[in-house]
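Notes follow the structure.
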Amino acid sequence: MAVVNDLIHIEGDGTISFGDYTLDTKTKLDNVEYNGDIYKVKTFKEITKLERNGMFVYESVPGTAVNNFSMNDGAVSMRVEGSEDPQITLELEPSTEYKVYVDGVSIGSMTTNISGKLVLSVTLGGGNSAEVKAVRA
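If you're matching positions, the sequence shown starts at 22 in our numbering and goes up one per residue.
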């Protein structure tokens with residue numbers, strides 16, 4: 022897995038890859054159209070953020086590279102890579118319980134807040150990656 026050099030990329034399987042945690046300065050790319058939605062990504066070593074149609078979708082602090090990001094009615098999944106352990110915030114359904122998995126191992130159930138935010142930390146360290154999945158319970 023590697024950073025996404027063109028900042029956002031639509032994969033052949035219909036998933037989205039985005040982010041470059043190796044950049045020293047904030048870089049953004051917007052107006053990327055896919056399946057009738059407009060995507061915007063902001064990324065560098067301190068933060069990576071994805072928006073769809075002007076609405077928050079994903080944020081990590083510090084920055085990450087995200088590959089094969091997929092979000093449907095009841096689940097979100099992705100592979101996350103970074104130079105440090107990130108805190109990841111996802112926008113999901115408000116006040117809803119999700120089962121969260123990292124590398125296929127359950128880390129428990131979490132409930133989104135009233136605005137739909139789900140916050141989790143992932144242990145990566147030194148350019149490693151992890152598969153992250155949240156499934157509505």
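Glycine is no exception: its CB is placed at the ideal position from the N, C-alpha and C atoms. In this text the structure is predicted, and so the values were computed from the model without any measurement.
Annotated three-state conformation of T110 is strand, per DSSP.
A contact between stretches requires three or more CB pairs, one per stretch, nearer than 8 Å, and the region 29-45 meets this requirement with the region 82-94.
Beta-bridge analysis with DSSP links T69 to T64, S81. Out of Y79, E118, S104, L50, the CA that lies nearest to the CA of M92 is found in Y79. Your pair G148 and S104 checks out as a contact, with CB atoms roughly 6 Å apart and the cut at 8 Å.
Counting along the chain, Y42 sits inside no beta strand (DSSP E), nor does DSSP assign it H or E at all.
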